[in-house]
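Enquirer: This is the structure I have questions about; it appears just below.
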Amino acid sequence: MRALGSLLLLLITLPSVLAVKSQDFKTCSQAAFCRRGRALSARAKTSSTWRSPYSVDPSTIAIAPEEASFTAGVKSSIYPEVNFGLDVRVHKDGVVRVRMDEVGGLRKRYDEAASWALLAEPEISREIKWTAGKNEVRAVYGDKKEFEVVVAFSPLKVSLLRKGKEQVVLNGQGLLHMEHFRTKESVEKTEAIAEEGVDSDGSQVVMQQVNARAWFEGETEDGWWEETFSSWTDSKPKGPESLSLDISFPNHGHVYGIPQHATSLSLPTTSGESAYYSDPFRLYNTDVFEYLADSPMSLYGSIPLMHAHSTASTVAVFDAIASETWIDIAHGSPGATETHWISESGILDVFLIPGPTPADVFAQYTRLTGTPALPAHWALGHHQCRWNYISSDDVRDVQRRFDQADIPVDVFWLDIEYAEEHKYFIWDKKTFPDPVEMTKDVEAIGRKMVVIVDPHLKRTSNYPVYQSASDLGLLVKQKNGESEYEGWCWSGGSAWIDFFNPASWDWWKSLFKTEEDPNHWTWTESTVNTYIWNDMNEPSVFNGPEISMPRDNVHYGGWEHRDIHNINGMLLPNITSQALMARTDPSYRPFVLTRSFYAGSQRFGAMWTGDNLGTWEHMAVGVKMVLANNIGGFSFAGSDVGGFFGNPEPEMLVRWYQVGAFSPFFRAHAHIDTKRREPYLLDEPYKSMLRSILRLRYSQLPVWYTAFREASVTGMPVLRPHYVVFPKDEAGFAVDDQYFVGSSGLLVKPIVKKGVKEISVYLPEDQVYYDYFTHYAYHGAAKGKNVTIPAELYKTPLLISGGSIVPTRERPRRSSPLMAHDPFTLRVALDKSGGARGELYLDDGVTYAHQKGQFVWREFGAQKAGKGVRISSRNLASQKPAEAVDGVALATYDNANEFARSIAGVRVERVVVFGLAAKPMSVKVQGGAELSFEFTPGVAAAGREGGASVLVIKDPSVSVTRDWEIVVQV
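Residues -19 to -1, 1 to 951 (mature numbering (1 follows the signal peptide of the UniProt record, and there is no 0)) are what the sequence shown spells out, left to right.
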């Protein structure tokens, strides 16, 4: 009750966190720099003679003799006294980077966003040559010389072309505007000139310049030096410094990405008469309590990456900027999209990602910002959380009841009430008297604990973490740059660690040591199997503007918070993941969940979509949001199962678990005011339905782990919408309520509406698809086809595409580590030509031994042989000697490595073949004895819909680590 009492006091004190209120968060019209950017766009569109004032000075062009890069000076005809520098370079993989910054200005603009997002400075091509002409500079590149980048001089325009067609165009609409630094005195002088009408010499030239400036930037100083929102005033000591840029996709009608927003995957229009939203999409990491299920509002994370797609190609842009950004989208002429990006501060630093396929785009982007980390295997299991499990005994009881109900779970979570007075790391001994023993009780069954650690520190001298950070000067400062900033969060009066200060990194990592250190405080009341949840890291400040930190706060290096806001959330999980790895030698793979994120956050852990509601609408949009994060490079994503708020009815809860079972990150979570809703609490038949759903997830863990291995190597997302898998099927470009899981061939369409008992599923190709549960065969068509799938409450619409082999583990276990030596079942879904293929990747799932070649990577194949089929297993690593897995060259891979030997006894216990033409006469392992089998004939083998034939080969006893072949003769 004490913890609940302190919570109630906090909520009474801070009513703004009780529910989403539109007045708590800005619209574009309430953000001065967004108003200015949109106003410029409006003026430009109404002027038939408008052209961008920015142009390249040809006399300043410098082309690097051995690199595909050039630099040049840029001038604005509006402000000829201001200088800008342009840097354009082509990377080795064809990505084009375009940078522009103010040169010799009053101050330095923030230019470090890319350094936080990028893995390393990209390698510039040394093969491409720039050709300078009278009006432009261009470079042609690509294996077939199909790509071309053109920089036009006057006005400045950068175009990426493929096969002569424009793919991406910067400043084609003339909306580029980098507000230069100025002083109030210089502005007052200009205003005086405007009032007089002439300059001191009587010349009209200056007056014309003043008029042009007024047209370009607006006639009033709109929020240049100070801005008020609600009760907060933002001092702007640097004055106006926003960046406006139009980015056009002249031949691409669909755009995706820029997570995080609660909206459709194919992003709708925000400008013009047909606008779906009246406001632009906003990127500003914000703690939006009970967010809307259909809105362009900013949420907890920001990835400024946008894909553009058509039947001809896929391209993307990555805008490496860290400040608040608004993005207008207009789908104008057929097959074209125009976007307008308006940012509060920073330099122009845009990466043009050429594709031309979705796979190419993912590879090119993740070469920049990194692929998703390969998670620990257990992290793909079922996570059980609520705010809050109230005591050690409560945790033990929850575990006991899961086991009594025979329901699998891998992870139990603790929210903020575990910590005394919300001092993170410090256990409340009245409720958690034995944290280490409690954690070891959980670990005894292969399970893990996750404990929340937020970035705000209670400002009290009896809290060693705060006191140490304060003594070392590691906290965010007020706008004077000297005093510690104090805001209000769960801990009450709080300070925030400034993770931009490099001195904070080793200090933070040292806190997580589980052994005593005589030099500083360490978290000895934890174990190496205690993992971390980083919440509230937008940062969330209850009494701050927009529930966040004042923009004029000062971080390490003198940068204002406005400059780095969207990056702020990624630093905490980055350093936390390093801290967890440093606890052991050799390191265990960390698990860190973050609410706030930026480009590159995929390298450090998982994310979730925040404080959703227990409604059908939030269930539905959660699917789209997770898909968008996968498009944004962040595959390890999920939404709170059941909704954070509310008390979902049993039907909704069952459907939500089905959604969770087909999400990369699978966590059930609930608010402190909700009723308990652990799966074992449901009445029948719902409890058995949840048990079956969870067992299905666990049986398919080999599929998920294999998909994550592929994502960690190639950048291909774990969840793949239709345009990624079938990029030329225009009918599927806007489909975002069904998707594929990796390369497995599994097509899932979760039910997200009440009372649904059947549903239409879109099949994008002329291929057979088998119902995962009933083996019913559905047939697509060359131009796509919708089929109706039975979807009673107990059943998720789940299909296997013909041509796929799906490896599963069917033995029910209490947690995933207990499955490590279980046998496999192979589902062989034959395609129309009688073939199929699948992959299986295995390693120890915990350490980094796979980076030293300790893994098994198999390819399963089925080839038609007469009327029968040959099913085989091969070492896939030996088939791809030019590739690498986590840095291990496959040419040197040893198939008899230590891990492979440790699971040599793991066998395939069952092979199930769908779509065989007739009953076999013989089934045997090549060179071995006849095998036992059962055959059920079907009616769909000749292309008709209906039950497919099913051949079940019983216990062929072939090893999952060795080559073999099963011959089915018909």
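Just so you know, even glycine gets a beta-carbon here, dropped at the ideal spot from N, CA and C.
Report yes if the CB atom of residue 51 is closer than 8 Å to the CB atom of residue 159, and no otherwise.
Expert: Along the sequence shown, read from residue 1 onward, the residue named residue 51 stands at position 70. Along the sequence shown, read from residue 1 onward, the residue named residue 159 stands at position 178. Not closer than 8 Å, so no.
Enquirer: Tell me which same chain residues have a C-beta within less than 7 Å of the C-beta of residue 511, skipping the five on either side of it?
Expert: Counted from its first residue, the sequence shown places residue 511 at position 530. Closer than 7 Å at the Cβ level, and outside the excluded window around residue 511, lie 420, 430 and 432.
Enquirer: Just the Cα atoms here: how many angstroms apart are residue 866 and residue 837?
Expert: On the sequence shown, residue 866 is found 885 positions in, with the first residue counted as 1. On the sequence shown, residue 837 is found 856 positions in, with the first residue counted as 1. For residue 866, the pLDDT reaches just 49, beneath the cut-off of 50, and the residue's location in the model is therefore unreliable, although a value from the coordinates is still provided. Spanning the two alpha carbons is a distance of roughly 11 Å.
Enquirer: Taking all protein chains shown into account, do 16 or more other C-beta atoms lie within 10 angstroms of the C-beta of residue 101, making it buried, or fewer, making it exposed?
Expert: In the sequence shown, residue 101 corresponds to position 120, counting from 1. Per the 10 Å Cβ criterion, exposed.
Enquirer: Under the assumption that residue 221 contacts residue 196 (Cβ atoms under 8 Å), give the Cβ distance between them as a whole number of angstroms.
Expert: Here residue 221 refers to the residue found at position 240 when the sequence shown is read from its first residue. Here residue 196 refers to the residue found at position 215 when the sequence shown is read from its first residue. No, residue 221 and residue 196 are not in contact; Cβ-Cβ is about 16 Å, not under 8 Å.
Enquirer: Any chance the region 693 to 713 sits against the region 339 to 347, with 3 or more Cβ pairs inside 8 Å?
Expert: Yes: at least three Cβ pairs fall under 8 Å.
Enquirer: So the alpha helix (DSSP H) residue 101 belongs to, where does it begin and stop?
Expert: For the purposes of this step, residue 101 is taken as the residue at position 120 of the sequence shown. Note, residue 101: premise wrong, no alpha helix (DSSP H); not H, not E.
Enquirer: By Cβ distance, which residues of its chain are closer than 6 Å to residue 616, with the 5 residues on each side in sequence left out?
Expert: Along the sequence shown, one-based indexing puts residue 616 at 635. Counting only Cβ-Cβ distances below 6 Å, and skipping sequence neighbours, we find 353, 645, 692, 698 and 699.
Enquirer: Which residues mark the beginning and the end of the alpha helix (DSSP H) in which residue 679 is found?
Expert: Working through the sequence shown from its first residue, we reach residue 679 at position 698. 667 to 680 is the span of the alpha helix (DSSP H), which, as asked, contains residue 679.
Enquirer: Measuring only the C-alpha atoms, how far is residue 535 from residue 475?
Expert: Sequence index remark: in the sequence shown, residue 535 carries index 554 (1-based). Sequence index remark: in the sequence shown, residue 475 carries index 494 (1-based). So the two alpha carbons sit approximately 16 Å from each other.
Enquirer: Which of the three DSSP states is assigned to residue 453 in this structure?
Expert: In the sequence shown, residue 453 corresponds to position 472, counting from 1. Three-state DSSP puts residue 453 in coil, outside helix and strand.
Enquirer: Can you tell me whether DSSP reads residue 42 as helix, strand or coil?
Expert: Sequence index remark: in the sequence shown, residue 42 carries index 61 (1-based). Three-state DSSP puts residue 42 in a strand.
Enquirer: Is residue 14 closer than 8 Å to residue 526 when the C-beta atoms are compared?
Expert: In the sequence shown, the residue the question calls residue 526 occupies position 545. In the sequence shown, the residue the question calls residue 14 occupies position 33. No, the pair does not count as a contact, with Cβ atoms beyond the cut-off.
Enquirer: DSSP on residue 782, reduced to helix/strand/coil?
Expert: Here the question's residue 782 lines up with position 801 in the sequence shown. Note: residue 782 maps to strand in three-state DSSP.
Enquirer: How about residue 469 and residue 524: are their beta carbons less than 8 Å apart?
Expert: Stepping through the sequence shown from its first residue, residue 469 is reached at position 488. Stepping through the sequence shown from its first residue, residue 524 is reached at position 543. For residue 469 and residue 524, yes; Cβs fall inside 8 Å.
Enquirer: Can you tell me which of 578, 593 and 592 puts its alpha carbon nearest to the alpha carbon of residue 586?
Expert: Here residue 586 refers to the residue found at position 605 of the sequence shown. It is 578.
Enquirer: Could you give the C-beta distance for residue 850 and residue 807, rounded to a whole number, given that I count them as a contact under 8 Å?
Expert: Numbered from 1 along the sequence shown, position 869 holds the residue referred to as residue 850. Numbered from 1 along the sequence shown, position 826 holds the residue referred to as residue 807. Residue 850 to residue 807, Cβ: 12 Å. No contact.
Enquirer: Let me confirm a value: residue 85 is counted as buried when at least 16 other C-beta atoms fall within 10 Å, else exposed. Which label applies?
Expert: The sequence position of residue 85 within the sequence shown is 104, counting from 1. Exposed: under 16 other Cβ atoms inside 10 Å.
Enquirer: Tell me, to the nearest whole angstrom, how far the beta carbon of residue 802 is from that of residue 732; I am working on the premise that it is less than 8 Å.
Expert: Start at 1 with the first residue of the sequence shown, and residue 802 comes out as number 821. Start at 1 with the first residue of the sequence shown, and residue 732 comes out as number 751. Contact doesn't hold; Cβ gap of about 35 Å is too wide.
Enquirer: Thinking residue 927 and residue 933 are a contact (beta carbons under 8 Å), I'd like their distance in whole angstroms, please.
Expert: As a first step, residue 927 must be located in the sequence shown, where it is residue number 946. As a first step, residue 933 must be located in the sequence shown, where it is residue number 952. 19 Å between Cβ atoms; not a contact.
Enquirer: Among 310, 667 and 778, whose alpha-carbon lies nearest the alpha-carbon of residue 248?
Expert: Walking along the sequence shown from the start, residue 248 turns up at place 267. Of the candidates 310, 667 and 778, the one whose C-alpha sits nearest the C-alpha of residue 248 is 310.
Enquirer: Can you name the start and end residues of the alpha helix (DSSP H) that residue 346 belongs to?
Expert: Translated into positions along the sequence shown, residue 346 becomes position 365. That run of the alpha helix (DSSP H) goes 339 to 350.
Enquirer: Comparing C-alpha positions only, which one of 374, 404 and 424 sits nearest to residue 390?
Expert: Here residue 390 refers to the residue found at position 409 when the sequence shown is read from its first residue. Ranking 374, 404 and 424 by Cα distance to residue 390 puts 424 first.
Enquirer: Name the two residues that bound the continuous beta strand (DSSP E) containing residue 937.
Expert: The residue given as residue 937 occupies position 956 in the sequence shown. Run containing residue 937: 931 to 940, per the beta strand (DSSP E) assignment.
Enquirer: Between 951, 461 and 155, which has its C-alpha nearest residue 846's C-alpha?
Expert: Numbered from 1 along the sequence shown, position 865 holds the residue referred to as residue 846. Among 951, 461 and 155, the Cα nearest to that of residue 846 is on 951.
Enquirer: Let me make sure I understand the geometry here. Which of 59, 306 and 12 has the alpha-carbon closest to that of residue 187?
Expert: Numbered from its first residue, the sequence shown carries residue 187 at position 206. Ranking the options by Cα distance to residue 187, first place goes to 59.
Enquirer: So residue 723 packs on residue 687, CB below 8 Å; how close in whole Å?
Expert: By one-based count along the sequence shown, residue 723 stands at place 742. By one-based count along the sequence shown, residue 687 stands at place 706. At roughly 7 Å, the Cβ-Cβ gap stays under 8 Å, so residue 723 and residue 687 are in contact.
Enquirer: For residue 44, which option in 290, 317 and 109 has the closest C-alpha, if you only look at C-alpha atoms?
Expert: Numbered from its first residue, the sequence shown carries residue 44 at position 63. Per the Cα distances, 109.
Enquirer: Which of the three DSSP states is assigned to residue 690 in this structure?
Expert: For the purposes of this step, residue 690 is taken as the residue at position 709 of the sequence shown. Reduced to three states, the DSSP call for residue 690 is helix.
Enquirer: Between residue 748 and residue 709, what straight-line distance do the alpha-carbon atoms span, to the nearest angstrom?
Expert: Here residue 748 corresponds to residue number 767 of the sequence shown, with the count starting at 1. Here residue 709 corresponds to residue number 728 of the sequence shown, with the count starting at 1. If I take the Cα positions, the gap works out to 16 Å.
Enquirer: So what's residue 959 in DSSP terms, helix, strand or just coil?
Expert: Residue numbering for the chain in the displayed model covers -19 to 951; residue 959 lies beyond these limits and cannot be assessed.
Enquirer: What does the alpha-carbon distance come out to for the pair residue 24 and residue 274?
Expert: Counting from 1 along the sequence shown, the entry for residue 24 is found at position 43. Counting from 1 along the sequence shown, the entry for residue 274 is found at position 293. Straight-line Cα distance between these residues: approximately 33 Å.
Enquirer: Near residue 705, what residues of its chain come up, given a Cβ to Cβ distance below 6 Å and the 5 sequence neighbours on each side ignored?
Expert: On the sequence shown, residue 705 is found 724 positions in, with the first residue counted as 1. So the list reads 339, once near-sequence residues are dropped.
Enquirer: Only counting the same chain, and skipping five residues up and downstream in sequence, which positions put a Cβ closer than 6 Å to that of residue 73?
Expert: Within the sequence shown, the letter at position 92 stands for residue 73. The residues are 104 and 106.
Enquirer: On the three-pair Cβ rule with 8 Å, is the region 660 to 668 touching the region 311 to 320?
Expert: Touching, no, given that fewer than three Cβ pairs across the two stretches are closer than 8 Å.
Enquirer: Could you compute how far the alpha carbon of residue 167 sits from the alpha carbon of residue 303?
Expert: The residue labelled residue 167 in the question sits at position 186 within the sequence shown. The residue labelled residue 303 in the question sits at position 322 within the sequence shown. So the two alpha carbons sit approximately 28 Å from each other.
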